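S.K.: Encoded as structure tokens, here's the structure I'll be asking about.
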Amino acid sequence: MIEVKQKNDEKHGNFEAFIDGNHAGLMTYTWAGEERFIIDHTEVEEAYNGKGVGKEMLLAAVEFARKNGKTIIPLCPFAKASFQKHKEFQDVLVNQTQAH
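Reminder that position 71 of the sequence shown reads as 71 in full-length UniProt numbering, one-by-one numbering, no gaps.
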């Protein structure tokens with residue numbers, strides 16, 4: 001079972017994943033104004049590769065965005081690929097015309 005905890009402040013935040021109490025992964029983000037945040041880095045501990053850790057952290061980010069009316073700019077390669085693969089996340093994706 002993967003547990004994801006969030007830390008958030010005015011400028012930055014992260015989603016940290018734990019499996020059986022052990023640190024399994026980290027997804028960091030930076031706020032881009034008040035309405036959106038940029039997922040800028042995702043890392044999964046080698047021992048937990050292939051166990052869905054990255055996806056669980058991304059799901060937590062998507063859930064956070066939906067609950068709070070925020071949008072996400074997926075900058076890191078993992079987040080970018082996940083948004084392209086999972087059309088159900090598109091509702092929280094920053095509209096590219098708004099991002100410029």
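Every residue, glycine too, gets a C-beta built ideally from N, C-alpha and C.
Fair warning: this is a prediction, and the values are worked out from it, not measured in the lab.
Between which residues of its own chain and V53 is the CB-CB distance below 7 Å, once the five residues before and five after are set aside?
M.R.: Position 53 of the sequence shown, counting from 1, holds the residue named residue 53. Once the five neighbours on either side are set aside, the close Cβ partners of V53 are I2, A17, A24, G25 and V44.
S.K.: Considering only DSSP beta bridges, list what M1 is partnered with.
M.R.: Numbered from 1 along the sequence shown, position 1 holds the residue referred to as residue 1. None; M1 has no bridge partner.
S.K.: Tell me which residue opens and which closes the alpha helix (DSSP H) that N68 is part of.
M.R.: Walking along the sequence shown from the start, residue 68 turns up at place 68. Looking at the DSSP string, the run of the alpha helix (DSSP H) that includes N68 is V53 to N68.
S.K.: Between which two residues does the alpha helix (DSSP H) holding F89 run?
M.R.: Position 89 of the sequence shown holds residue 89. Looking at the DSSP string, F89 is not in any alpha helix (DSSP H), and its letter there is neither H nor E.
S.K.: With distances taken Cα to Cα, identify the nearest neighbour of F83 among I39, T28, F64 and W31.
M.R.: Walking along the sequence shown from the start, residue 83 turns up at place 83. Among I39, T28, F64 and W31, the Cα nearest to that of F83 is on I39.
S.K.: Just to check my reading of the structure: F78 and T28 have Cβ atoms closer than 8 Å, yes? What is that Cβ distance to the nearest angstrom?
M.R.: Reading the sequence shown from its first residue, position 78 is the one you call residue 78. Reading the sequence shown from its first residue, position 28 is the one you call residue 28. 12 Å between Cβ atoms; not a contact.
S.K.: With H, G and I counted as helix, E and B as strand and the rest as coil, what does DSSP make of E43?
M.R.: Against the sequence shown, residue 43 aligns to sequence position 43. Strand, per DSSP.
S.K.: Take K80 and list the residues in its own chain whose beta-carbon comes closer than 6 Å to its own, dropping the five residues that flank it on each side.
M.R.: Taking the sequence shown and counting its residues from 1, the one referred to as residue 80 is at position 80. Taken in chain order, the residues that qualify are P74.
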